[in-house]
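The working numbering puts the first residue of the sequence shown at 8, with every later residue one more than the last.
Don't be surprised by glycine CBs; every beta carbon is placed ideally from N, CA and C.
To start, the structure under review is shown below, and the notes come after it.
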Amino acid sequence: MTDHEQGSVERTVRVFNLQKYNMYDGPGVRSMAFLKGCPLRCKWCSNPESQQRGHEVMFKRANCVSCGACAAACPVGVHRMADGVHEVDRSVQCIGCRACEKACMYHALEIMGDDRSIDDIMDFLDEDVDFYRMSGGGITLSGGEVLAQPEATLSILMASKTRGHHTAIETCGYAPMPTILRIAQYVDLFLFDIKQMDPVRHKYWTGVNNELILANVQTLLENGFNVRVRMPLLKGVNDSKEEIDAVIAFFKPYRYQKNFDGVDLLPYHKLGVGKYASLGRDYEIEGDPSLSDGDLDRLEGWIEAADFKVRLVKH
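What follows is the structure, given as structure tokens:
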């Protein structure tokens, strides 16, 4: 990538995953880069390793034999032995050197957060260009939250557009509007999360107020940028008729605009629950907020009845 293509001084990005052959997050076959760092703390988050910007240690205690190799290898003291048992000191910031990961013969450790050059990311995203062309696909940036690394996001998007890739970003929308607008001209589709309409409940479940989020999605729609609304759905959290009616009322002025691409419903799943213990955190969702097929049909019907395009997306 040339300096002109990059268009930004940012040369690296911190990611926690790269993925190919995605069929859910934008049209066609897509390759994805997942950026680390997020300003929200959704209680149901399926990728808790994405939230903190810094490197983190995922520790699978069941695999550990407390041999002490990681403690000897770590240069900053993240790992320590206490009465012959290995412990992770979460008060010490991991520097991402991966010495512990390499020293562990039992695959008990995984460092989350990989600093990659923008060139490396583009090489990965360019690999499946033939699939993009045949399927109408492209590249999607996700997180975490892509707007938490705006310069890196901008660099990847600009380089992707020079190559003719369709671009999409998944976002919670919690960022200054100037930051979003600077990136928006290189985004073909915003996959924009709407988690709660009530600001008090939104703050309880995600850690932040939603006023900025709602203002930002309105600005994007009013300025002609393509937006698809995405709603993660949890029983007892945001599946009430009142909640759905509030979403419908908010987006009703935009439902016939060409740049409004409808609503995706994303049912709760448990795929990320086990990660919390590996990160030394508690999972705050009590019980099982999964929705039945009947529940999902009802919610989908409410939205369709308001003449919205709606799609159920099950990962």
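Which of the three DSSP states is assigned to Pro55 in this structure? Position 48 of the sequence shown, counted from the first residue, corresponds to residue 55. Helix.
Q. Terminal residues of the continuous beta strand (DSSP E) containing Ser38?
A. Along the sequence shown, read from residue 1 onward, the residue named residue 38 stands at position 31. Note, Ser38: beta strand (DSSP E), 37-42.
Q | Three-state secondary structure assigned by DSSP to Val153 | A | By 1-based counting over the sequence shown, the position of residue 153 is 146. Three-state DSSP puts Val153 in a helix.
Quiz item: Thinking C-alpha only, which one of Tyr113, Val270, Leu240 is nearest Asp314?
Solution: Numbered from its first residue, the sequence shown carries residue 314 at position 307. That would be Val270, whose Cα lies nearest to the Cα of Asp314.
- Message: Can you tell me whether Glu311 is buried or exposed? The criterion is at least 16 other CB atoms within 10 Å of its CB, across all chains shown.
- Response: By one-based count along the sequence shown, residue 311 stands at place 304. Per the 10 Å Cβ criterion, exposed.
query: Is the distance from the Cβ of Cys45 to the Cβ of Gly150 below 8 Å?
result: Position 38 of the sequence shown holds residue 45. Position 143 of the sequence shown holds residue 150. Contact: yes.
Check whether the stretch 207-222 and the stretch 231-240 are in contact - that is, three or more C-beta pairs closer than 8 Å. no
In the structure shown, what three-state DSSP assignment does His209 receive? As a first step, residue 209 must be located in the sequence shown, where it is residue number 202. Helix, per DSSP.
Original post:
Is it the case that the Cβ atoms of Thr174 and Leu154 are separated by a distance below 8 Å?
Top reply: Here residue 174 refers to the residue found at position 167 of the sequence shown. Here residue 154 refers to the residue found at position 147 of the sequence shown. No, the Cβ-Cβ distance between Thr174 and Leu154 is not below 8 Å.
Check: Is the stretch 91-108 close to the stretch 131-148, with three or more CB pairs under 8 Å?
Finding: no
### Message
Are the CB atoms of Lys202 and Pro239 within a distance shorter than 8 Å?
### Response
Position 232 of the sequence shown, counting from 1, holds the residue named residue 239. Position 195 of the sequence shown, counting from 1, holds the residue named residue 202. Contact flag set, yes.
*Can the beta-carbon of Leu298 be found closer than 8 Å to that of Tyr275?*
Here residue 298 is taken as the residue at index 291 of the sequence shown, counted from 1. Here residue 275 is taken as the residue at index 268 of the sequence shown, counted from 1. Taking 8 Å as the Cβ cut-off, Leu298 and Tyr275 qualify as a contacting pair.
Using a Cβ-Cβ cutoff of less than 6 Å, which residues in the same chain neighbour Leu25 once the five nearest sequence positions on both sides are dropped? Looking up residue 25 in the sequence shown gives position 18. Excluding positions up to five away in sequence, the list reads Ala40, Phe131.
Extent of the continuous beta strand (DSSP E) to which Lys27 belongs
In the sequence shown, residue 27 corresponds to position 20, counting from 1. 19-29 is the span of the beta strand (DSSP E), which, as asked, contains Lys27.
So, using beta-carbon positions, are Ala78 and Met65 closer together than 8 Å? In the sequence shown, the residue the question calls residue 78 occupies position 71. In the sequence shown, the residue the question calls residue 65 occupies position 58. Taking 8 Å as the Cβ cut-off, Ala78 and Met65 do not qualify as a contacting pair.
Contacting residues, own chain, Cβ-Cβ under 7 Å from Val244 (five flanking each side not counted)
Taking the sequence shown and counting its residues from 1, one reaches residue 244 at position 237. Here the set comprises Trp212, Pro296.
Discussion item. Could you tell me which whole beta strand (DSSP E) segments of length 3 or greater appear in the stretch 158-209?
Written reply: 173-178, 196-200
* Which runs of the alpha helix (DSSP H) spanning at least 4 residues fall entirely within the stretch 239-312, listed in chain order? -> 248-258, 280-285, 300-312
| said: Between which residues of its own chain and Glu56 is the CB-CB distance below 7 Å, once the five residues before and five after are set aside? | reply: Position 49 of the sequence shown, counted from the first residue, corresponds to residue 56. Cβ within range, chain order: Phe23, Glu63, Met65, Met119, Lys282, Leu286.
Margin query: Is it buried or exposed, His114, if we count other Cβ atoms within 10 angstroms and call 16 or more buried?
Written below: Along the sequence shown, read from residue 1 onward, the residue named residue 114 stands at position 107. That one is exposed.
_Gln13, DSSP secondary structure in three states_ = As a working mapping, residue 13 is identified with position 6 in the sequence shown. Its pLDDT being 43, under 50, Gln13 is placed unreliably by the model, and the measurement read from it follows with that caveat. Of the three classes helix, strand and coil, the one that applies to Gln13 here is helix, per DSSP.
Next on the checklist: Please report the straight-line C-alpha distance between Met8 and Asp122, rounded to a whole angstrom.
Outcome noted: For the purposes of this step, residue 8 is identified with residue 1 of the sequence shown, where counting begins at 1. For the purposes of this step, residue 122 is identified with residue 115 of the sequence shown, where counting begins at 1. Confidence in Met8 is poor, its pLDDT being 43 and thus under 50, which makes the residue's placement too unreliable to answer from.
Query raised in the report: So what does DSSP say about Val215, is it helix, strand or coil?
Result: Numbered from 1 along the sequence shown, position 208 holds the residue referred to as residue 215. It is coil, neither helix nor strand.
Note to self: Which residue marks the beginning of the alpha helix (DSSP H) containing Val136, and which one marks its end?
What the structure shows: Walking along the sequence shown from the start, residue 136 turns up at place 129. Run containing Val136: 136-142, per the alpha helix (DSSP H) assignment.
- prompt: Exposed or buried, which one is Arg21 when buried takes at least 16 other CB atoms within 10 Å?
  reply: Against the sequence shown, residue 21 aligns to sequence position 14. With 16 or more other Cβ atoms within 10 Å, it is buried.
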